[in-house]
Structure formats: structure tokens, C-alpha cells
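Peer 1: Structure in C-alpha cells, see below.
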Amino acid sequence: MIIAIDGPAASGKGTLGKRLAAHYGYRHLDTGVIYRAVAKALLDAGFELTDEARAVAAAQALDPETFGDPALKSQAVGGAASVVSAIPAVRQALVDFQRQFAAGAPGAVLDGRDIGTVICPDADVKIFVVAAPEIRARRRTLEAEARGEPADEALILADILSRDERDRNRAAAPLKQATDAVLLDNSHLDIEGGVRAAIAIVEAVRAGRSRV
Ligand code: DC
Numbered sequence: 000m001i002i003a004i005d006g007p008a009a010s011g012k013g014t015l016g017k018r019l020a021a022h023y024g025y026r027h028l029d030t031g032v033i034y035r036a037v038a039k040a041l042l043d044a045g046f047e048l049t050d051e052a053r054a055v056a057a058a059q060a061l062d063p064e065t066f067g068d069p070a071l072k073s074q075a076v077g078g079a080a081s082v083v084s085a086i087p088a089v090r091q092a093l094v095d096f097q098r099q100f101a102a103g104a105p106g107a108v109l110d111g112r113d114i115g116t117v118i119c120p121d122a123d124v125k126i127f128v129v130a131a132p133e134i135r136a137r138r139r140t141l142e143a144e145a146r147g148e149p150a151d152e153a154l155i156l157a158d159i160l161s162r163d164e165r166d167r168n169r170a171a172a173p174l175k176q177a178t179d180a181v182l183l184d185n186s187h188l189d190i191e192g193g194v195r196a197a198i199a200i201v202e203a204v205r206a207g208r209s210r211v
């Protein structure tokens, strides 16, 4: 079984993906990390984020061993990933890796922006996670503070809004809800509530009901 979870920045889809995968005993891929790794490789080498040839080369040279690097989680790398991910040739270079991951046994949960629309259009279950931008900014601020990092909530909100705008309006695989995805608004749910709602969606879809 393949579960596709898409949604905007800081919507909690990564945590949800991880928790769903643990619940079902499936493997989990946070596909945002892939674009973050490409962006970080360019930043580290001092290359322009819009340098298509170098970005494609970085995508082709991707090493999954680096996906756990905590530096990939920073706000700066996330913003850079949003720029790099708008290059169609970069996206193309990363398709096979994601599809191969999705196809492996016993099942997989992938989260990102275009999993249900482009990478796994035949996913068994598709969930589109949203939350109000102000709530996402608040959560990001609390997370940063918990890590002991300084956080400016207004700047974080501005960053979330500009990333939403870029991710939704790019020509290549824009962020949008697949027609057969179930919407999950977790604005007023905590993590546990979100996980319960997601499991209920998976169970309902598996039971053949179109509505939860
Ligand atoms: O989910 P995230 O914040 O880690 O994603 C970082 C950026 O990568 C995001 O702004 C857009 C891009 N991305 C994408 O284009 N497609 C994906 N499947 C996942 C992420």
C-alpha cells in the first residue's frame, strides 16, 4: 500500500507521515528532505540556486545517507529548497528515486507537495493536510524555541506565506490537492488528534468508503 500525504510548508505532514508509517509498519520518505539536500549542496558549494545544470548535477549525486543531517531542517535551507524545487529538470531527476521508494515492500508513506498528483498518482490513500498560516507559524516558532534557537514569529509567517505562494504557483508540479485526496485540516488538532484523524481517513478509504 502507498499512502501519499501532501500539504504546504509546516502543515505537520512530515510528523504525520512518520507516525502513520510507524502505525502501519511501512517505510517513510519525507520528500522535502530531498529538495532540501539538493539546495544545501548548492549553498555549501556557493552556487546560485537557479543554476539549472549544477542543481540537476546535485540532484543526480544525491546521497540518502545525508537525509538525517539536522542542518537540512533550517528555515534558510527550506526557503532555498522551495526555489530549487521549482526547476522542472531537478524535479525530473528525482522522480525515479521517489517512485522506487514508494514501490518497495511492505508499503510506504511519502509526504511532500506532489506525491498524490505526480509521483504516485495511483497511491491507495491520499491525504492533503492544511492548517492556517498563523497557526503553522506559531508551531514553527515554538519548535525553534524548544531547540533553543531564536525565532521571530512575524518573519516565520512571512517565510511560510512566500513559500506557499511559490510552491502553489510554480509551473512544474505545483502544490495542489489531488481530486481524489481527502482534506485534513489540523488547525485545531494537536499531533495525536491529527494522527487519529489520518488513521481514520486511511481506514475509511481502505474500507471502500469515499467519505470519512
Ligand atoms: O516540506 P518541506 O518544507 O521540507 O519542503 C521544502 C521545499 O521543497 C518546499 O518549499 C517545496 C519543495 N518540495 C517540493 O517541491 N516537492 C516535494 N514533494 C517536497 C518538497
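Just so we're aligned, residue 0 is where the sequence shown starts under numbering that gives the first Met the number 0, counting upward by one.
C-beta: ideal position from N, C-alpha, C; glycine also.
Since we're looking at a predicted model, the values are computed, not measured.
#1: So, with DSSP's three-state summary, where would you put residue 215?
#2: Might you give, ordered along the chain, the residues of its own chain that have their beta carbon closer than 6 Å to the beta carbon of residue 287, omitting 5 neighbours on each side?
#3: Quick check on this structure: which residue in 126, 151, 145 has the alpha carbon closest to the alpha carbon of residue 203?
#4: Within a Cβ cutoff of 8 Å, which residues of the same chain sit near residue 48, ignoring the five residues on either side of it in sequence?
#5: By the 10 Å Cβ neighbour count, where 16 or more other Cβ atoms means buried, how is residue 69 classified, buried or exposed?
#6: Taking 6 Å as the cut-off, does the CB of residue 167 come closer than this to any heavy atom belonging to the ligand DC?
#7: Mind pulling the alpha helix (DSSP H) runs of 4 or more residues that sit fully within the segment 107–186?
#8: Based on the DSSP secondary-structure assignment, which residues constitute the bridge partners of residue 4?
#9: Could you tell me the alpha carbon to alpha carbon distance between residue 73 and residue 167, rounded to whole angstroms?
#10: On the three-state DSSP scale, how would you describe residue 96?
#11: Among 107, 29, 110, which residue has its Cα nearest to the Cα of residue 71?
#12: Starting from residue 81 and walking both ways along the alpha helix (DSSP H), at which residues does that stretch end?
#13: According to DSSP, simplified to helix, strand and coil, what is residue 47?
#14: Counting along the chain, where does the alpha helix (DSSP H) carrying residue 199 start and finish?
#15: Can you give me the C-alpha to C-alpha distance between residue 191 and residue 177, rounded to a whole angstrom?
#16: Below 6 Å CB to CB, which residues in the same chain sit around residue 143 once its five sequence neighbours on both sides are set aside?
#17: Looking at residue 25 and the ligand DC, is the gap between the Cβ and the nearest heavy atom below 6 Å?
#18: Given this structure, state the Cα-to-Cα distance separating residue 58 from residue 188, to the nearest angstrom.
Peer 2: In short:
#1: There is simply no residue 215 to check, as the chain begins at 0 and stops at 211 in what is shown.
#2: Since the first residue shown for the chain is 0 and the last is 211, residue 287 is missing from the structure and cannot be characterised.
#3: 126
#4: 38, 41, 42, 54, 79, 82, 83
#5: exposed
#6: no
#7: 132–145, 152–168
#8: 110, 126
#9: 21 Å
#10: helix
#11: 29
#12: 74–83
#13: coil
#14: 190–205
#15: 25 Å
#16: 150
#17: no
#18: 36 Å
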